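Trainee: Shown below is the structure under consideration.
Chains as they are written, first to last, in my numbering: chain C, 12 to 368; chain B, 12 to 368; chain H, 12 to 368.
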C-alpha cells in the first residue's frame with residue numbers, strides 16, 4: 012500500500028537544474044537520479060545500482076547512458092543494464108533498474124511515478140503564464156520544507172492566515188476584521204480538483220503592491236483564487252483591478268505552487284510567479300523576489316515546520332484530529348479527494364495482485 | 012499510565028524568564044507556553060493550537076489572551092477558545108486547550124500538572140533563604156541536561172562523589188580517605204521526603220571557601236544536608252562553622268536544586284544559592300558563580316550526560332540493574348518513594364477510569 | 012545470538028594510541044576503555060562502571076588499576092572491583108566487570124572478544140613487513156567509516172573498482188578495457204581464508220608510481236594479491252616488477268587493512284603500508300600518504316558511506332539481495348565463510364546454554 016498517489020504528476024526539478032551533470036533527489040521516499048540525454052531529453056532512474064547499491068548519481072554519463080562510479084555497470088535511459096565491463100561488455104538483464112516517466116513543460120521536469128501508459132500531460136494545471144513571455148515576466152524559487160507536503164497545500168488553500176502570518180500584505184488603515192469582512196469566499200469541487208475563489212472588494216490594494224507599482228490608495232477588487240489539482244499542484248490566480256479596469260488591464264500576478272513529497276515529513280516546494288506590469292524593471296524583479304522569499308521562506312516555511320514538529324513523526328494531520336473551522340473547507344476538500352484517490356489506487360493495485368494469482 | 016508524577020510541583024521557569032513575550036518550554040514531554048497577564052500573573056497553556064497545531068508561543072498577546080499566529084484563534088488564561096475571527100469573533104468551545112495550574116514563589120514559577128484542586132503551596136520545600144534579602148545574597152542559574160532528571164537527584168543525594176568529581180572542594184592537606192572517614196552520614200525517611208544528613212568534623216574548611224572568605228586553616232564543622240521532596244526538589248543546607256560559632260554565625264550557603272523532566276532522557280535544572288557572608292561584594296558574586304558553574308556545568312553535567320549515554324535510550328536506571336553501595340541509601344530511598352507515588356497515582360487514575368465506565 | 016564473530020582478533024587501536032591516559036572506543040557495539048599498565052602492557056575493560064554507569068575512561072589510573080571518576084571504585088586489569096572507598100577499601104566482587112584479552116603486535120593492539128582460552132596469536136595474518144625496519148618504511152593511518160565493516164572488505168576484495176573510483180591509479184595511455192583485459196584473477200579458499208590473486212602483465216606501471224619512483228613507461232608485472240582472514244583482516248601483497256627483476260628487486264608495497272566494527276553500520280578502519288624503495292625520503296613519505304589518503308579517505312570512504320546510506324539502517328547487504336557479478340567471487344566467498352563461522356559460534360553458544368540447564 013502506497014502512502015503517496017502514483018498516477019499523477021510531481022514536479023521533480025526546475026528544467027535548469029537537470030543537465031549533463033547527474034542530479035540526485037529523493038522523491039516519494041525514493042532516490043532518483045536526473046540527467047539529460049545528448050539531445051536534451053531529461054531522464055530519471057532509480058539512483059541505486061543493483062550490484063553494490065552505489066548511487067548512480069556519483070557516476071558519469073557515457074553518451075545517453077549512465078555508468079556506475081563504483082564498478083562501471085552502464086544503464087540506458089530505460090534503466091536497462093546494457094554494459095557489464097567485467098563480462099566483455101555484455102548486457103545484464105537481471106541488473107535492470109526502474110526508470111521513471113518524465114514530461115517537461117513550464118520550465119519544470121514532471122515525474123509520473125505510476126503506470127506510464129496513464130501519464131497524460133493534460134492532467135497538468137494550465138500554467139499558461141509561465142510560457143507567455145510577451146505578457147509576463149516569470150520568477151522562480153524553491154524551498155526544502157521539513158514538513159508533510161499536504162501542510163503546504165493547507166497553507167495555500169486557506170488564505171485567512173495572511174493577515175496573521177504575513178503582516179506585509181496588509182492594506183493601509185484597514186483592520187484584520189475589516190479585511191476578513193470585505194472578502195467573499197466560494198469553494199467548489201470540480202471533478203477531482205478544488206476551486207477556492209476569494210474576492211476582496213472596496214478596500215485599497217495591499218501596501219506591498221502600492222510600494223511596487225505606485226497604485227493609488229483607492230478601493231479596488233483583489234482576487235486570490237486557488238485551483239488545486241491532486242496531489243499538490245496549485246494554480247494561483249492573483250490580481251488587483253481598479254474600477255473600470257478589466258483583469259487584463261489591472262495587475263496580474265499568477266503563480267504556480269508545486270509541492271512534491273520527499274519523505275512523509277519533508278517536501279520540495281517549487282514556486283513560480285509571473286507579473287504583467289513593469290516586466291523589464293530589474294528593481295521590481297528584486298523587490299518581488301524579496302516579497303516572495305519573505306512570505307514563503309521566512310513566514311510560511313517556519314510555521315509549517317513548527318506545525319510538523321508539534322505533529323511528531325507522523326505526516327498524517329487527520330490522525331491527530333484537528334479542530335475544523337469554516338475556513339478549512341478548501342483544504343479539507345482537497346485532503347478528502349486525495350485520500351479517495353490514493354485509496355482507489357491502492358485498491359486497484361490489490362485487485363490486480365489478486366487477479367494475477 | 013504516566014511516566015511522571017502529576018500531582019506535585021515542578022519548577023517551570025525562573026520568574027524573570029516569564030514576561031509579556033511568550034516563552035515555549037517542553038515540560039514532562041509536553042510543549043507549554045508561558046506568559047504573564049497584564050497584572051503580572053503567570054499563565055501556562057498547552058503550546059499547540061488545536062486547529063492546525065501551530066505553537067501558540069509564536070503568536071501575540073491581546074490583553075490577557077494569546078492569539079494564534081497562524082489563523083488568529085484567541086485563548087484566555089484558562090485555555091478557552093474565546094474568539095474565532097472567522098465566525099464573527101464567537102467563542103469555539105471545541106477548540107479549548109489545556110491550561111496548567113501555576114504558583115509563583117522563591118523567584119520561580121511552579122507548575123502543577125495534575126489535579127489543580129490538589130495543588131498545595133505547602134508542598135513546596137521551605138526555601139526561606141531565597142526570600143530573605145536582609146540576611147542572604149541570592150544567585151541563580153540553570154542547565155539543560157541531556158540526562159534523565161533522576162540522575163541529577165542521584166548526583167545530589169550521594170555527595171561522596173565530591174572528592175572524585177570536584178577536586179576544587181578538597182581541604183588543604185587532607186586525603187580522600189581522611190575526608191570520607193571524618194564524615195558521618197544519616198539518612199531518614201520523613202513522610203514522603205528524604206533527609207540526608209552529612210557532618211564533617213575535625214578538618215579544615217575546603218580550599219574554595221578559604222580563598223573566598225579568608226577562613227583559617229583550622230578544624231571546623233561542615234554540614235552538607237540534603238532534603239529531598241518528590242519529584243526532584245532539593246533543599247541543600249550547606250554551611251561551615253568554627254568552634255564556638257553557631258550555624259548563623261558561621262558561613263551559611265543554603266541552596267535550592269529543582270529538576271524538571273523535559274523528556275525521559277533530558278531535564279531542566281534550576282539552581283539557586285544564597286550566602287550570608289560578604290553579601291555586597293560583587294567580586295565574591297563572581298567567584299561564587301565560577302565555583303557553581305565549574306561544579307554543576309563543567310563537572311556534574313558532563314558526568315550525568317555520559318551516564319545517560321551509557322544507559323542508551325531509557326531513563327530508567329533501575330531497569331539496568333546497577334550495583335548498589337551503602338552510599339546509595341538516600342538516592343535509592345528517593346527513587347523508591349517516587350516510584351510508589353507514581354504507581355499510586357496511576358492506580359488511582361485507572362480506578363477512576365473503571366468507575367467512570 | 013551475536014551479530015559479530017567473537018573468537019577472532021580485532022584491531023582495537025594503534026599501539027601509540029594506547030597510553031597511561033585512558034582511551035574510550037566502541038568496538039562491536041561495546042564501550043571499551045584501553046590503557047597501559049606501568050610496565051607498558053595494554054589493558055581493555057568494559058568502559059562502564061556497574062555502579063552508576065559512569066565511563067571508566069573519564070577516571071584516573073592508580074598504578075595498574077583504574078579508578079572511576081564518579082565515586083572512586085577501583086578495578087584491576089582483570090576487571091575485578093578491588094577497592095571500594097566507601098567500605099574501608101574492601102573489594103566488591105558483585106561489581107566486577109568484563110575485561111578483554113589483548114595481544115600487541117605489528118604496531119597494533121589486538122582484542123579477542125571471545126573465549127580467552129582460544130586466543131591464538133598464530134591466527135593473525137603474517138604482517139611481517141610491519142616489523143622489518145631494515146627492508147621497509149612503514150606508514151599508518153585510520154578512518155572512521157559510517158558503513159558496515161564488511162562493505163570495506165567488499166571494496167578491497169574486488170579491485171575492479173579501481174579504474175572507476177581511483178583514476179589516479181591509471182596507466183599512461185591505457186584504457187579501462189585494456190586494463191581489465193590485461194589482468195588475470197584467481198580466487199581460492201584455503202581453510203577459512205580467501206586468497207584473491209591478481210596479476211597484470213604487459214602494461215606500464217600506474218602513473219602514481221611513475222611519478223614517485225621515476226619508473227620507465229615500459230611493460231611490467233603488477234600484482235595486487237589480497238589475503239583475507241576472518242573477520243576483516245587483509246594482507247595486501249602489492250608490487251611491480253620489470254622484466255628480469257625478482258619481486259624483491261622491484262617495487263614492493265605490502266599493506267595491512269584491518270577493519271573493526273564499531274556498530275552494525277559503522278567501523279574503524281586501520282591501515283598500514285610499507286615500501287622497499289626510497290625508504291629514507293621524507294618527500295616520498297608525504298607523497299605516498301597523499302596517495303593513500305586520496306584513495307581511502309577521499310574516494311573509497313565516501314563511496315562506502317553512500318552505499319550504507321542507500322542500504323538504510325541495516326548492515327546486512329545480503330538481505331537486500333544485490334545482483335552478483337563474476338568479480339564478486341572473492342567478497343562473496345569471504346562473506347559466506349564469515350557467515351558460517353558466526354553461525355557455528357552461535358550454535359555452540361546455544362548448545363552450551365542447553366547443556367548447562
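Even for Gly, the Cβ is constructed at its ideal location relative to N, Cα and C. Quantities reported herein were computed from a predicted structural model and do not represent experimental measurements.
Can you list, in chain order, the residues of its chain with a C-beta nearer than 6 Å to that of residue 285 (chain C)? Leave out the 5 residues immediately preceding and following it.
Mentor: Short of 6 Å from the beta carbon of residue 285 (chain C), and not among the five residues preceding or following it, lie these beta carbons of its own chain, in chain order: 140, 147, 149, 265.
Trainee: According to the Cβ coordinates, are residue 82 (chain C) and residue 171 (chain H) closer than 7 Å?
Mentor: Between residue 82 (chain C) and residue 171 (chain H), the C-beta spacing is below 7 Å.
Trainee: Just reading off the beta strand (DSSP E) that residue 76 (chain B) is part of, what are its end residues?
Mentor: 76 to 78
Trainee: In chain order, what residues of the same chain lie with their CB nearer than 8 Å to the CB of residue 303 (chain H), ignoring the 5 residues before and after it?
Mentor: 150, 152, 282, 284
Trainee: Our contact map puts residue 163 (chain B) next to residue 174 (chain B) with C-beta atoms below 8 Å; I'd like the distance itself, whole angstroms only.
Mentor: The Cβ separation is near 19 Å, so there is no contact.
Trainee: Using DSSP with H/G/I as helix, E/B as strand and the rest coil, what is residue 312 (chain B)?
Mentor: Reduced to three states, the DSSP call for residue 312 (chain B) is helix.
Trainee: Measure the C-alpha to C-alpha separation of residue 117 (chain H) and residue 138 (chain H) and round it to an integer number of angstroms.
Mentor: 7 Å
Trainee: Kindly say whether residue 85 (chain B), judged by its beta-carbon, lies nearer than 7 Å to any beta-carbon of chain C.
Mentor: Not a single C-beta of chain C is nearer than 7 Å to the C-beta of residue 85 (chain B).
Trainee: If you drop the 5 nearest sequence neighbours on each side, which residues of the same chain put their C-beta closer than 6 Å to that of residue 103 (chain H)?
Mentor: Taken in chain order, the residues that qualify are 92, 95.
Trainee: Among residues of its own chain, excluding the 5 on either side of residue 9 (chain H), which ones have a beta-carbon nearer than 6 Å to its beta-carbon?
Mentor: Nothing about residue 9 (chain H) can be reported from this structure: the residues present for chain H run from 12 to 368 only.
Trainee: Which bits of chain B does residue 210 (chain C) rub up against, with CB to CB less than 9 Å?
Mentor: Simply none; closest approach about 17 Å.
Trainee: Is the distance from the Cβ of residue 176 (chain C) to the Cβ of residue 312 (chain C) below 7 Å?
Mentor: no
Trainee: For residue 338 (chain B) and chain H, any beta-carbon pair shorter than 7 Å?
Mentor: yes
Trainee: With 7 Å as the threshold, decide whether the Cβ of residue 172 (chain H) is near any Cβ in chain C.
Mentor: yes
Trainee: Any Cβ of chain H within less than 7 Å of the Cβ of residue 353 (chain B)?
Mentor: no
Trainee: For the alpha helix (DSSP H) that contains residue 296 (chain C), what are its first and last residues?
Mentor: 293 to 303
Trainee: Can you give me, in chain order, the residues of the segment 251 to 285 of chain B that have a beta carbon less than 8 Å from any beta carbon in chain C?
Mentor: none
Trainee: Of all the options C:277, C:183, C:75, C:228, which has the alpha carbon lying nearest to the alpha carbon of residue 254 (chain C)?
Mentor: C:228
Trainee: Suppose you measure from the CA of residue 110 (chain C) to the CA of residue 128 (chain C); what does that come to, to the nearest Å?
Mentor: C-alpha separation (whole angstroms): 14 Å.
Trainee: Cα-Cα, which of H:246, H:234, H:243, H:273 is closest to residue 258 (chain H)?
Mentor: H:234
Trainee: When you check each C-beta in the segment 59 to 72 of chain C against every C-beta of chain H, which residues fall closer than 7 Å?
Mentor: 59, 61, 62, 63, 64, 65, 66, 69
Trainee: Are any of the Cβ atoms in chain B nearer than 7 Å to that of residue 97 (chain H)?
Mentor: yes
Trainee: Please classify residue 201 (chain H): does DSSP put it in a helix, a strand, or coil?
Mentor: Three-state DSSP puts residue 201 (chain H) in a strand.
Trainee: Using 7 Å as the limit for Cβ to Cβ distance, is residue 205 (chain H) near chain C?
Mentor: no
Trainee: Could you tell me if residue 189 (chain B) is buried or exposed, where buried requires 16 or more neighbouring beta carbons within 10 angstroms of its beta carbon?
Mentor: exposed
Trainee: Check the Cβ-Cβ distances between residue 46 (chain B) and every residue of chain C, and say whether any is below 7 Å.
Mentor: no
Trainee: Around the C-beta of residue 237 (chain B), are 16 or more other C-beta atoms found within 10 angstroms, so that it is buried, or is it exposed?
Mentor: buried
Trainee: Residue 42 (chain C) touches chain H at which residues, Cβ-Cβ below 7 Å?
Mentor: 321
Trainee: Starting from residue 234 (chain H), follow the beta strand (DSSP E) in both directions and report where the run begins and ends.
Mentor: Unbroken beta strand (DSSP E) run through residue 234 (chain H): 231 to 240.
Trainee: Three-state secondary structure (DSSP) at residue 91 (chain C)?
Mentor: coil
Trainee: Mind checking who residue 281 (chain H) pairs with in its DSSP beta bridge?
Mentor: H:153, H:269
Trainee: So the candidates are C:221, C:205, C:216; which of them puts its Cα closest to the Cα of residue 247 (chain C)?
Mentor: Answer by Cα proximity: C:205.
Trainee: For chain B, find out if any of its Cβ atoms is closer than 7 Å to the Cβ of residue 201 (chain C); answer yes or no.
Mentor: no
Trainee: In whole angstroms, what is the alpha-carbon distance linking residue 114 (chain C) and residue 308 (chain H)?
Mentor: 39 Å
Trainee: Whether or not the segment 40 to 53 of chain C and the segment 72 to 82 of chain C are in contact is what I'm after, with contact meaning three or more pairs of Cβ atoms, one per stretch, closer than 8 Å; do they touch?
Mentor: yes
Trainee: Which of the residues in the segment 100 to 118 of chain C, read from start to end, lie with their CB under 9 Å from any CB of chain H?
Mentor: 100, 103, 105, 106
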